[in-house]
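The sequence shown maps to residues 129 to 184 in the working numbering.
Glycine included, each C-beta is placed from N, C-alpha and C at the ideal position.
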Amino acid sequence: SKKLIHVISQQRFELYDLVADPKEKQNLYGQASAKAAQDELSALMAHFVDVVLAKK
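Spelled out as structure tokens, the structure:
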């Protein structure tokens with residue numbers, strides 16, 4: 129299970145593997161080994177933002 133965080137105030141992302149790293153110590157964002165999860169979660173986040181903004 130993965131977790132993607134967008135820290136808007138700092139314009140950065142964080143990606144964590146919650147099974148291997150439940151304390152969220154190792155940011156995987158930008159690492160080649162995490163690219164598939166990063167791409168999938170980024171697309172889901174972008175879709176969510178689009179849906180929320182469309183309701184305004």
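Straight-line measurement puts the Cα of Ala148 at about 31 angstroms from the Cα of Val180. The residue among Leu169, Gln159 and Lys151 with its C-alpha nearest the C-alpha of Ile133 is Leu169. Going by beta carbons, Gln154 and Asp167 fall outside the 9 angstroms limit.
According to the DSSP assignment, Lys163 belongs to the alpha helix (DSSP H) that extends over Lys163 to Ala182. CA-to-CA, the gap between Lys184 and Arg140 works out to about 25 angstroms.
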